[in-house]
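A.B. asks:
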Amino acid sequence: MGSEVEALEENNTWTLEDLPPGKRAIGCKWVYKIKYNADGTIERYKARLVALGNKQIEGEDYGETFAPVARMGTVVCFLKLQQETIGRCTKWMYTTPSYMEILSKRFI
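Below is the structure:
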């Protein structure tokens, strides 16, 4: 377990922050897994640190989550419309936020 803690610290996995007033920290626990050699003998015990998300209270520790997802038919229709009206499609057009904002205002 010591080597896992060292690896987490070396990789800058976390940063220490002050807890906001009125909030409580959620706990964590170590989860262990046994790694075996090809002949079935134990190679090592592998450990990982996990947060106890089941201890959180909805509305107090976290709010509603929402992830909008477009249907594939909508994406195809949007790309076809864009191609017919503007012309050529390039990769940078779909990754540039300002270009996507222009398209959203123009076609949606």
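Numbered according to the numbering used here, the sequence shown terminates at residue 1004, and the numbering increases by one at each position without gaps. For glycine and all other residues, C-beta sits at the position ideal for the given N, C-alpha and C.
1. Give me the Cα-Cα distance between residue 955 and residue 930, rounded to the nearest whole angstrom.
2. Check whether the Cβ atoms of residue 948 and residue 925 lie closer than 8 Å to each other.
3. Would you kindly work out how many angstroms separate the C-alpha atoms of residue 970 and residue 977, rounded to a whole number?
4. Checking 8 Å against the spacing of the C-beta atoms, do residue 913 and residue 944 come in under that value?
5. Measuring only the C-alpha atoms, how far is residue 939 from residue 909?
6. Which stretch, first to last residue, makes up the beta strand (DSSP E) that contains residue 927?
7. Roughly how many angstroms separate the alpha carbons of residue 972 and residue 965, rounded to a whole number?
C.D. replies: In brief:
1. 37 Å
2. yes
3. 11 Å
4. no
5. Whole-angstrom Cα-Cα distance: 26 Å.
6. 924-932
7. 14 Å
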